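Worksheet: the structure to be examined is printed underneath.
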Amino acid sequence: MALLEAVRGELASLELALELPGTAEARRTARSALGQLDDYILPRYRSLDAPLLAVVGGSTGAGKSTLVNALAGHPVTRAGAIRPTTRQPILLHHPADAPWFTSTRVLPTLARVHGRLAGAGTPATLAGATPDASAMKSLVLVADPAVPEGVALLDAPDVDSISDDNRQLAAQLLAAADLWLFVTTANRYADAVPWKLLVDAASRDILVAVVLDRVPPGAEEEVGADLRAMLTREGLGESKLFVVPEAALDAMGMLPSASSAPISGWLRDIAADSAGRAEIARRTLNGTVRSLSGKVAGLAQAARDQHDAGRQLADDVTDAFADAAMRISRATSDGSLLRGEVLARWQDFVGTGDFFRAMESGIGRVRDRIGAFFKGQPPPAVKVEAAIETGLQAVIVDQASRAAEDADQRWRADPAGRALLGAEDLSGTTPGFPAEVAAEIRAWQGDVLNLIRAEGAVKRSQARWLSFGVNGLGVVLMIVVFSLTGGLTGAEIGIAGGTAVVGQKLLEAVFGEDAVRRLANEARQSLEGRCAELLERQQQRFLERIGPVQDGTAPLADRLDGLAVKLAKLGEGA
Numbered sequence: 001m002a003l004l005e006a007v008r009g010e011l012a013s014l015e016l017a018l019e020l021p022g023t024a025e026a027r028r029t030a031r032s033a034l035g036q037l038d039d040y041i042l043p044r045y046r047s048l049d050a051p052l053l054a055v056v057g058g059s060t061g062a063g064k065s066t067l068v069n070a071l072a073g074h075p076v077t078r079a080g081a082i083r084p085t086t087r088q089p090i091l092l093h094h095p096a097d098a099p100w101f102t103s104t105r106v107l108p109t110l111a112r113v114h115g116r117l118a119g120a121g122t123p124a125t126l127a128g129a130t131p132d133a134s135a136m137k138s139l140v141l142v143a144d145p146a147v148p149e150g151v152a153l154l155d156a157p158d159v160d161s162i163s164d165d166n167r168q169l170a171a172q173l174l175a176a177a178d179l180w181l182f183v184t185t186a187n188r189y190a191d192a193v194p195w196k197l198l199v200d201a202a203s204r205d206i207l208v209a210v211v212l213d214r215v216p217p218g219a220e221e222e223v224g225a226d227l228r229a230m231l232t233r234e235g236l237g238e239s240k241l242f243v244v245p246e247a248a249l250d251a252m253g254m255l256p257s258a259s260s261a262p263i264s265g266w267l268r269d270i271a272a273d274s275a276g277r278a279e280i281a282r283r284t285l286n287g288t289v290r291s292l293s294g295k296v297a298g299l300a301q302a303a304r305d306q307h308d309a310g311r312q313l314a315d316d317v318t319d320a321f322a323d324a325a326m327r328i329s330r331a332t333s334d335g336s337l338l339r340g341e342v343l344a345r346w347q348d349f350v351g352t353g354d355f356f357r358a359m360e361s362g363i364g365r366v367r368d369r370i371g372a373f374f375k376g377q378p379p380p381a382v383k384v385e386a387a388i389e390t391g392l393q394a395v396i397v398d399q400a401s402r403a404a405e406d407a408d409q410r411w412r413a414d415p416a417g418r419a420l421l422g423a424e425d426l427s428g429t430t431p432g433f434p435a436e437v438a439a440e441i442r443a444w445q446g447d448v449l450n451l452i453r454a455e456g457a458v459k460r461s462q463a464r465w466l467s468f469g470v471n472g473l474g475v476v477l478m479i480v481v482f483s484l485t486g487g488l489t490g491a492e493i494g495i496a497g498g499t500a501v502v503g504q505k506l507l508e509a510v511f512g513e514d515a516v517r518r519l520a521n522e523a524r525q526s527l528e529g530r531c532a533e534l535l536e537r538q539q540q541r542f543l544e545r546i547g548p549v550q551d552g553t554a555p556l557a558d559r560l561d562g563l564a565v566k567l568a569k570l571g572e573g574a
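Per the UniProt record's numbering, the sequence shown runs over residues 1 to 574.
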């Protein structure tokens, strides 16, 4: 029981969220397996001595309800020409067996309705419950002394009904059966739908009796032999085959008793043999568990396919945004930002003439020039900070938008990704993203100023510099960060290179070469961390659609594989 409960728990938690080839079928298999555990396997394991449930199933118009009435010896379920006659399944049982069925031991999803036997003289066309589609989720229980103790009969809807609900209910009831009475006719016994169910029965090793109904006089041997050959080919050669000749119904809508006598006798023999009933229950149970093992193994593979597909979709997104992070890192470290508005504001700030003449006069005189600069009244750094914010914001927003477009295109090229996206367009950033970026840049600029303050606090001799230029030194450090790995030098062509060297020498004059390198690295790490958080929030819009498929389905697949092996052993009686 512990094994079966574990299987049920895993199946109940199984989510096949991605639309892959075969996923729809896997979902149906999971629902079917879960239903069979609840409707048959678990109840039967808990109550091996419970009465057998014989489900009477078959095609539309095969005469199922008429046969049930014949087996009972009087009208108990409605039969007639209007289809379908059976919408609300009716379970006939001996009164002594009532406790086994009044509870939700079997078929727990169907509400119980207590019916009563039709009054004397009631024809089959009026017997039983009136067909009612709204009552399909209920099971009518009728206690009838004519039913042998130990075997209950369940009149099921048509397996090939035009109603989806009818077909699903019929399949559910047949899956809950200990044995089948499968009714077909001389002109419909080769139909595909019934045979699909019969093949499933063979895979479960369920006891099946086939009733070939309405056979024209003289055709019994020929048609019966053909059907027997078909049963043998499908692994059902040992099944009982009852041939019911075509016969007129009496005024009550009943078959002649002789037509159903062999079937009634067979059922009574089963009911009278307690050891035989136990063997039938055990055989069907073991076969059903073996069949369940195969289903669970298939679902394990479906879960693994989900994991692989989810990982690929996640990789598509993370790769797109990782590329964006690399492009941002490159743009913020190769001097690209030290042009245009940023360069113009920087030149205004430092006064290009003095500083570049200082560079030309030699490094030895730079410290004096720098000192003169800070002893004066340099222009405020706010314009440089604003230019940096604007330029950096443009880079980050542009690259994040490119990443979102790339991820969206990759997903739309994949059926599973396309289904996850639906009609929603994620090819751009969220509306508030530019404002988020601006806020993060300002926060980063605050980080840089804090680095300057912290470094100045341990360099008491430089207090006179800091008192004039904490914000200024912060701007200088930002300029250095933007050329940190670009390999630019003052000897290179281009103003950006000279600008970077000026900034670096300014800081080295205050803090020293080692400190400047450390400060620049810390500022760079802070910037990259904030950029990563911004990109993470944008890519999360994609990843949250994948949900637990990324991480949860691989362990689940392994667990299902292990359970499938154990179920196979249980089904073999090991």
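No residue lacks a Cβ here, since even glycine has one placed at the ideal position from N, Cα and C.
The model shown is predicted, which means the values in this text are computed figures rather than measured ones.
Option nearest residue i by Cα separation, candidates the options
{"i": "ALA261", "options": "GLN301, ALA70, GLY340, ARG116", "result": "ALA70"}
{"i": "ALA523", "options": "VAL476, ARG559, LYS569, LYS505", "result": "VAL476"}
{"i": "ASP250", "options": "THR23, ARG345, HIS74", "result": "HIS74"}
{"i": "GLU528", "options": "ILE263, GLY253, ASP447", "result": "ASP447"}
{"i": "PHE101", "options": "PRO43, VAL68, LEU117", "result": "PRO43"}
{"i": "THR390", "options": "ARG442, LEU241, LEU139", "result": "ARG442"}
{"i": "ASP514", "options": "SER138, GLU455, ARG304", "result": "GLU455"}
{"i": "ILE41", "options": "SER333, SER291, GLY276, ASP414", "result": "SER291"}
Within 8 Å, strictly: CB atoms of residue i and residue j
{"i": "ALA2", "j": "ALA297", "result": "no"}
{"i": "THR185", "j": "VAL210", "result": "no"}
{"i": "GLN538", "j": "ALA419", "result": "no"}
{"i": "TYR45", "j": "LEU285", "result": "yes"}
{"i": "SER65", "j": "ASP160", "result": "no"}
{"i": "PHE482", "j": "GLY340", "result": "no"}
{"i": "LEU4", "j": "ALA177", "result": "no"}
{"i": "LEU556", "j": "GLU10", "result": "yes"}
{"i": "ASP39", "j": "LEU107", "result": "yes"}
{"i": "LEU173", "j": "VAL142", "result": "no"}
{"i": "LEU18", "j": "GLN347", "result": "no"}
{"i": "VAL76", "j": "ASP144", "result": "yes"}
{"i": "LEU198", "j": "LEU236", "result": "yes"}
{"i": "GLY22", "j": "ALA302", "result": "yes"}
{"i": "PRO169", "j": "PRO89", "result": "For clarity, residue 169 is Leu in the given sequence; the question names Pro instead. Going by C-beta atoms, LEU169 is nearer than 8 Å to PRO89."}
Euclidean distance between Cα positions of residue i and residue j
{"i": "ILE328", "j": "ILE396", "result": "6 Å"}
{"i": "ARG330", "j": "LYS295", "result": "52 Å"}
{"i": "CYS531", "j": "GLN36", "result": "52 Å"}
{"i": "ALA300", "j": "ARG559", "result": "8 Å"}
{"i": "GLN393", "j": "LEU337", "result": "11 Å"}
{"i": "GLY310", "j": "ALA520", "result": "39 Å"}
{"i": "LEU48", "j": "ILE280", "result": "10 Å"}
{"i": "VAL7", "j": "LEU34", "result": "9 Å"}
{"i": "THR318", "j": "TRP411", "result": "12 Å"}
{"i": "ARG233", "j": "THR553", "result": "39 Å"}
{"i": "PRO431", "j": "LEU343", "result": "30 Å"}
{"i": "ILE162", "j": "GLU220", "result": "30 Å"}
{"i": "GLY512", "j": "ALA386", "result": "27 Å"}
{"i": "SER274", "j": "GLY573", "result": "20 Å"}
Contact set for residue i: own chain, Cβ-Cβ below 8 Å, skip 5 residues either direction
{"i": "SER32", "result": "ALA171, ALA175, LYS295"}
{"i": "GLY287", "result": "SER203, ARG204, ASP205, ILE206, GLY571"}
{"i": "LEU534", "result": "ILE396, ALA400, PHE433, GLU436, VAL437, GLU440"}
{"i": "GLY224", "result": "LEU212, VAL215, LEU241, VAL243"}
Sequence-distant residues of its chain with Cβ nearer than 6 Å to residue i (five each side left out)
{"i": "PRO256", "result": "ALA247"}
{"i": "ALA146", "result": "ALA72, GLY73"}
{"i": "LEU473", "result": "ILE452"}
{"i": "ARG188", "result": "SER59"}
{"i": "ASP226", "result": "none"}
{"i": "VAL516", "result": "LEU507, GLU508"}
{"i": "ASP561", "result": "ALA300"}
{"i": "ASN471", "result": "ALA381"}
Close-in-space but distant-in-sequence residues of the same chain around residue i (CB under 7 Å, 5 per side omitted)
{"i": "THR429", "result": "VAL397, ALA400, SER401, ALA404, GLN538"}
{"i": "PRO95", "result": "ALA143, PRO145"}
{"i": "LEU449", "result": "VAL470, ASN471, GLY474"}
{"i": "ASP414", "result": "LEU313"}
- Item | Contact between the segment 211 to 225 and the segment 238 to 245 (3+ Cβ pairs under 8 Å) | yes
- Task: Check whether the segment 162 to 182 touches the segment 45 to 57, counting contact only when three or more Cβ pairs, one atom from each stretch, lie closer than 8 Å.
- Result: Contact between the segment 162 to 182 and the segment 45 to 57 is present, because at least three Cβ pairs lie under 8 Å.
- Taking 8 Å as the threshold, find out whether the segment 24 to 38 comes into contact with the segment 142 to 156 through three or more Cβ pairs. no
- Query: Is there contact here, the segment 406 to 418 with the segment 318 to 326, by at least three beta-carbon pairs under 8 Å?
  - Reply: yes
- Query: Using 8 Å as the threshold, is the segment 13 to 20 in touch with the segment 95 to 112, meaning 3 or more CB pairs across them?
  - Reply: no
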